[in-house]
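Okay, so here's the structure we're looking at.
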Amino acid sequence: MHITRICTVIPPLVRLNGTVVFEDRAEDSPAFLKAAYRNLSVPYPKFFKMDNLCKLGFLATEYLLHDTNLAAHYSLNDTGIVFQNRSSSLETDEKHQESIRDRQNYFPSPSVFVYTLPNIVVGEVSIRHKIKGENALLISSEPDAGQLFGYVNELFLQDRVKCCIAGWVEAYHDHLSACLVLVEKKEMAKSFLQPGELFIFGLLNLERILNEVSQHARIDGKA
Amino acid sequence: MQELTEKLKKEIIEVLNLEDVSPEDIDADASLFGEGLGLDSIDALELIVLLEKNYGIKIEDPKEGRKIFASVRTMAEYILEHQKK
Numbered sequence: 194m195h196i197t198r199i200c201t202v203i204p205p206l207v208r209l210n211g212t213v214v215f216e217d218r219a220e221d222s223p224a225f226l227k228a229a230y231r232n233l234s235v236p237y238p239k240f241f242k243m244d245n246l247c248k249l250g251f252l253a254t255e256y257l258l259h260d261t262n263l264a265a266h267y268s269l270n271d272t273g274i275v276f277q278n279r280s281s282s283l284e285t286d287e288k289h290q291e292s293i294r295d296r297q298n299y300f301p302s303p304s305v306f307v308y309t310l311p312n313i314v315v316g317e318v319s320i321r322h323k324i325k326g327e328n329a330l331l332i333s334s335e336p337d338a339g340q341l342f343g344y345v346n347e348l349f350l351q352d353r354v355k356c357c358i359a360g361w362v363e364a365y366h367d368h369l370s371a372c373l374v375l376v377e378k379k380e381m382a383k384s385f386l387q388p389g390e391l392f393i394f395g396l397l398n399l400e401r402i403l404n405e406v407s408q409h410a411r412i413d414g415k416a
Numbered sequence: 037m038q039e040l041t042e043k044l045k046k047e048i049i050e051v052l053n054l055e056d057v058s059p060e061d062i063d064a065d066a067s068l069f070g071e072g073l074g075l076d077s078i079d080a081l082e083l084i085v086l087l088e089k090n091y092g093i094k095i096e097d098p099k100e101g102r103k104i105f106a107s108v109r110t111m112a113e114y115i116l117e118h119q120k121k
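Note that the protein sequences, when read in sequence, are chains A and B. The opening residue of the first sequence carries number 194 in this note's numbering; numbering runs sequentially from there. The opening residue of the second sequence carries number 37 in this note's numbering; numbering runs sequentially from there.
Dropping the structure here:
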């Protein structure tokens, strides 16, 4: 298993392979997400209809795969997605609950309701990149590299996928944090690296980064 | 009628989160779905909610939707015809 790219999104920074590729000190999470999207210059109007979790997963994947031409290396069925987060789709669940609380003013929004499942973020990324391989979203109170990459490794062992986008995608109000990596079964890695980059590293390093990312997502008192 | 179509354009942009679209970009006679604004099935449901919430009009037969939501103008005509006094 080879981890060949890493993208972290913790406002105000987006880092790709350790290098800051975007910075914006926006006043809140939606403004940061919008600015990070604008920076990509990717025309994808559906982005604006997504909830914050999906926007974060979408953006982290876009930055992760920037200039990789992944589809040229792996078939759509050979690419999987395994995400992990703490808050599930709680932010959107609360928004939906608010819209149905008053029986006298009962107008639940269909476009909010469709995001009341956490694995929709996996679906949005799959649609965007036409990925058809195995996918999952695991709920964990803390980033758990063992669980995450145990799952990915099992997919590799069973020959379900040859490449996987995996990592932590957590969004709950003003607490955004993402750490996604590109994991490849075989060492085709160097084709994704820029000249001069050497960024193949072990799980221990990743665990450290995931834990750092987690600290930014911690919400005191939240279950 | 003109006032209502302009109001509808603003409401559609707001409820459907059409971030890069302004009311001037929407042709009142252009198709809302398909090649027009490119709306999808969830957007159609959102427009049904808009009619009920903002105009008190409940669409009982979903099959009517295709005709009602053909364009902003057909929406406005339907509202004028069915809005509760």
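Positions of the beta carbon are idealized from the N, C-alpha and C atoms, including for glycine.
Asked                                                                                                                                   : Found
Span separating the alpha-carbon of Ile-48 (chain B) from that of Phe-276 (chain A)                                                     : 33 Å
Where the alpha helix (DSSP H) through Ser-268 (chain A) begins and ends                                                                : From DSSP, Ser-268 (chain A) is part of no alpha helix (DSSP H); its letter is neither H nor E.
Presumed contact (8 Å Cβ cut-off) between His-366 (chain A) and Glu-284 (chain A), rounded CB distance                                  : 6 Å
Per-residue contacts from Val-307 (chain A) into chain B (C-beta, under 7 Å)                                                            : Ile-78
Touching by the beta-carbon criterion (3+ pairs, under 8 Å), the segment 248 to 261 of chain A and the segment 210 to 229 of chain A    : yes
Buried or exposed by the 16-neighbour rule on C-beta atoms within 10 Å, applied to Ile-199 (chain A)                                    : buried
Within the segment 260 to 348 of chain A, ranges of the beta strand (DSSP E) (whole runs, at least 3 residues)                          : 272 to 278, 328 to 332
C-beta neighbour in chain A for Gly-92 (chain B), strict 7 Å                                                                            : no
Counterpart residues of Val-354 (chain A) in DSSP-defined beta bridges                                                                  : Bridge partners of Val-354 (chain A): none, in fact.
Beta-carbon contacts of Val-345 (chain A) that lie in its chain and below 6 Å, excluding the five residues immediately before and after : Val-275, Cys-357, Ala-359, Val-376
Lys-248 (chain A) versus Ser-370 (chain A) - alpha carbon distance                                                                      : 12 Å
Contact with chain B by Cys-200 (chain A), beta-carbon distance below 7 Å                                                               : no
CA nearest to the CA of Tyr-299 (chain A), picked from B:Ala-64, B:Pro-98, B:Val-57, B:Lys-89                                           : B:Lys-89
Under the three-state DSSP convention, the category Val-207 (chain A) falls into                                                        : strand
Interface residues of chain A facing Lys-89 (chain B) [CB-CB closer than 9 Å]                                                           : Asn-298, Phe-300
Cβ pair Ala-106 (chain B), Thr-41 (chain B) closer than 7 Å                                                                             : no
Outcome for Pro-301 (chain A) when other beta-carbon atoms lying within 10 angstroms are tallied against a minimum of 16                : exposed
Short Cβ contact (7 Å threshold) for Ser-281 (chain A) with Ile-332 (chain A)                                                           : yes
8 Å Cβ cut-off: residues of chain B touching Ser-334 (chain A)                                                                          : Per Cβ cutoff of 8 Å: no residues; Ser-334 (chain A) is ~32 Å from chain B at best.
Contacting residues, own chain, Cβ-Cβ under 6 Å from Lys-227 (chain A) (five flanking each side not counted)                            : none
Contact set for Asp-221 (chain A): own chain, Cβ-Cβ below 8 Å, skip 5 residues either direction                                         : Asp-367
Contact check, Leu-403 (chain A) vs Trp-361 (chain A), beta carbons under 7 Å                                                           : yes
Under the three-state DSSP convention, the category Arg-198 (chain A) falls into                                                        : strand
Where Val-57 (chain B) falls: helix, strand or coil (DSSP)                                                                              : coil
Chain-ordered neighbours of Ser-304 (chain A) on chain B, where CB pairs are closer than 7 Å                                            : Ile-78, Glu-82
Sheet register partners of Tyr-365 (chain A) (DSSP bridge)                                                                              : A:His-368
Member of A:Ser-268, A:Pro-238, A:Tyr-308 whose CA lies at the smallest distance from the CA of Glu-327 (chain A)                       : A:Ser-268
Sequence-distant residues of the same chain with beta carbon closer than 7 Å to Val-305 (chain A), five excluded per side               : Thr-285, Lys-288, His-289, Ser-292
Top-ranked residue by Cα proximity to Ser-234 (chain A), from A:Leu-246, A:Leu-252, A:Asp-337, A:Met-243                                : A:Leu-252
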